[in-house]
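From first to last, the protein sequence lines stand for chains A and B.
Quick note on numbering: the numbering used here labels position 90 of the first sequence as 90, and the sequence is numbered without any gaps.
Quick note on numbering: the numbering used here labels position 294 of the second sequence as 294, and the sequence is numbered without any gaps.
Cβ atoms here follow ideal geometry from the backbone N, Cα and C, with glycine treated the same way.
Quick caveat, the model's predicted, so the values are computed rather than measured.
Let me begin by presenting the structure, written as structure tokens, before commenting on it.
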Amino acid sequence: MPSWIAVVILIALALLFTIGSFVGTMVLKPRRKDPVKGEAYESGMPPIGDTRGRHNVRFYIVAMLFLIFDVELAFLYPWVVLYSNLDEQLFLFIEALVFIGILGVGYVYAWRKGALDWKN
Amino acid sequence: MDGWEWLIVAIKCVVILLIFLGAPLILVLVERWTLGRLQSRIGPNRVGWSGTLQTAADGLKLGIKEDLIPRGADKLVFWFGPVFLVVPALAAWAIVPVGPEVSLGRDIGLWAVDLNVGILFFLAMGSLGVYGVVMSGWSSNSKYAHFGALRASAQVISYELIMGLAVLAVILYAGSLSLIDIVEQQRGLWFIVPQFVGFLLFVIAGVAETNRVPFDLPEAESEIVAGFHVEYSGMRFAMFFIAEYANIILISAIITTLFLGGWLGWTIPGMEGLTGIVWFALKTGAFISMFLLLRAALPRLRYDQLMSFCWKFLMPIGIINVLLAAGLRMAWS
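Right under this line is the structure:
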């Protein structure tokens, strides 16, 4: 049973360091309010329009593809550990071939549909 | 756990924090010197002895500067964005083994913790880093930051898959997810030899994960100024720098551990701990230098090249590589 305590301590230290230094610089920093300073940077011009508008659908497609393939990876991790430790390797290998084969069909379908192309 | 073990764990964590904060200071300086030399400039040479205190001075300066929050920004998310970037970057350091077990009165492993899910924990922390980028880019209410965050998230999640596939092939040989076991399995042969393809995949994905040249599209200066951290100033900006350089060192350390045998190398009997640390530092340093030289040598990719390179080229190679490694292993045993 590994002891996760080191991870907890490190996360606590990181939080302490970041939040501590932010709060610390709050005391040190100068504070001169100016309406121009508060403007978002847009090459020196006043910002035009809304920032959070519509953007390219490609980003959503990539996110969806990522979900599929990441879940596939998550399934393969236990398989890999078992594969190198168990004896009935042929069975496990064919099992993985079937699994990745199904995934491969989906991959080819996505490719043919143009989901992997960034350009139109 | 008795009192001594608590103390040892606490000391290890503090040492990791000190390295985490100190190494970027040195690395930024070395990078600026290297880039200066390679571009026929001098580089920093004024502050301290021929420029040695330059980054320390920069850090101090950032600490006493006003940190602005742009109008219309989501203040809470803006404030916590850098925190979410630094915390996983530091937490992932817990699993890196810098040396073998040494006995100083009792047996102490030169790592903070030996997790049985080690490399999975590293991948998880790498994914969590994306949240910091997206949070800070989205909350800034600036178009450049917004685009930078979008680009960064799409790029990092895509190359994370490649990294995961490369790691799979390593685990096939090691048979364990614990980094210490992975290093011990390389006593006979470093995994770079049977898994050269995996090594290349991992290095490419590592460069992309840290948003470094030639994959630095999220912060492309000539297109979107500085990407997701364009609106940050003062100490919060410094956090992005620390996180970026800490991630470079972390990726180099993980490459060393997975493919180059970690701390293994020629040792003097009785000095395994010390020589282990030296070997580990040398191998990691070589990869850090690679990161710096890449920045001087290569131009930036186009975004569609970046994505199709990942999804259409590296992805099939990664999957075939895992299957081939599995098949070879079965035929061999």
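Could you tell me the boundaries of the alpha helix (DSSP H) in which V8 (chain A) lies?
-> I5 to L28
The alpha helix (DSSP H) spanning D304 (chain B) covers which residue range?
-> Its alpha helix (DSSP H) spans residues Y303 to S308.
Alpha carbon to alpha carbon, how far is M330 (chain B) from L90 (chain A)? Give it in angstroms, no decimals.
-> 7 Å
Residues from the region 312-327 of chain B in contact with chain A, defined by Cβ distance under 9 Å = K312, M315, P316, I319, V322, L323, A326 and G327
Does Y60 (chain A) come within less than 7 Å of chain B when only Cβ atoms are used?
-> no
Taking S333 (chain B) as part of the alpha helix (DSSP H), name the residues at either end of that continuous run.
-> Looking at the DSSP string, S333 (chain B) is not in any alpha helix (DSSP H), and its letter there is neither H nor E.
Figure out for me which residue from B:Q305, B:G273 and B:I108 has the closest Cα to the Cα of D216 (chain B).
-> B:Q305
When DSSP builds the beta bridges, which residues end up paired with V102 (chain B)?
-> B:I108
Taking only beta-carbon positions, decide if Y109 (chain A) is within less than 7 Å of chain B.
-> Judged by the 7 Å Cβ criterion, Y109 (chain A) is not in contact with chain B.
Report the rounded CA-to-CA distance for I19 (chain A) versus L13 (chain A), giving the unit in angstroms.
-> 10 Å
Rounded separation between A238 (chain B) and L62 (chain B) - CA only = If I take the Cα positions, the gap works out to 7 Å.
When burial is assigned at 16 or more other CB atoms within 10 Å of the CB, is R58 (chain A) buried or exposed?
-> The residue is buried, with at least 16 neighbouring Cβ atoms inside 10 Å.
Where L189 (chain B) and I242 (chain B) are concerned, what is the direct C-alpha to C-alpha distance, given to the nearest angstrom?
-> 35 Å
Let me know the secondary structure DSSP gives V117 (chain B) once reduced to three states.
-> coil
Whose Cβ in chain B lies nearer than 8 Å to the Cβ of R31 (chain A)?
-> Per Cβ cutoff of 8 Å: E66.
Label V15 (chain B) either buried or exposed according to how many other C-beta atoms from any shown protein chain fall within 10 Å of its C-beta, with 16 as the threshold for buried.
-> Exposed is the call here.
Whose C-beta lies closer than 8 Å to the C-beta of I288 (chain B) among residues of the same chain, with five residues either side of it excluded?
-> L27, I248, I249 and S252.
So the alpha helix (DSSP H) M239 (chain B) belongs to, where does it begin and stop?
-> In the DSSP assignment, M239 (chain B) falls within the alpha helix (DSSP H) that extends over G234 to F259.
Which residues of chain A have a Cβ atom closer than 8 Å to the Cβ of R236 (chain B), listed in chain order?
-> F22
L67 (chain A) versus L21 (chain B) - alpha carbon distance = 34 Å
Interface residues of chain B facing W11 (chain A) [CB-CB closer than 8 Å] | The sequence as given places Ile at residue 11 (chain A); Trp does not occur at that position. Those are V87, L90 and A91, listed as they occur along chain B.
Cα-Cα separation between A220 (chain B) and G164 (chain B), rounded to whole angstroms = Those two C-alpha atoms are separated by around 26 Å.
Decide if K55 (chain A) is buried, meaning its Cβ has at least 16 other Cβ atoms within 10 Å, or exposed.
-> Lys is not the amino acid found at residue 55 (chain A); the sequence shown has His there. Note on H55 (chain A): under 16 other CB atoms within 10 angstroms of its CB, so exposed under the neighbour-count rule.
DSSP three-state call for I95 (chain B): helix, strand or coil?
-> helix
Chain A contact residues for P82 (chain B), given Cβ-Cβ distances below 7 Å | T18
CA-CA distance, F240 (chain B) and S136 (chain B)?
-> So the alpha carbons of these two residues sit roughly 10 Å apart.
CB contact flag (L161 (chain B), F75 (chain A), <7 Å) = no
S103 (chain B) to L10 (chain A) span [Cα, whole Å] | S103 (chain B) and L10 (chain A): Cα-Cα distance of roughly 24 Å.
Output the distance between the C-alpha atoms of M1 (chain A) and G3 (chain B), rounded to the nearest integer angstrom.
-> Residue placement at M1 (chain A) cannot be trusted, given a pLDDT of 41 that sits under 50; the coordinates are not used to answer.
Nearest-angstrom Cβ-Cβ length linking D67 (chain B) and T25 (chain A), presumed shorter than 8 Å | 7 Å
Apart from the five residues just before and just after A115 (chain A), which ones in its own chain have a Cβ nearer than 8 Å to its Cβ?
-> Only residues of its own chain outside the window of five on either side were considered, and among them I61 and L65 have a CB closer than 8 Å to the CB of A115 (chain A), listed in chain order.
If we ignore side chains and look at the alpha-carbon of each, how far apart do I204 (chain B) and I157 (chain B) end up?
-> 14 Å
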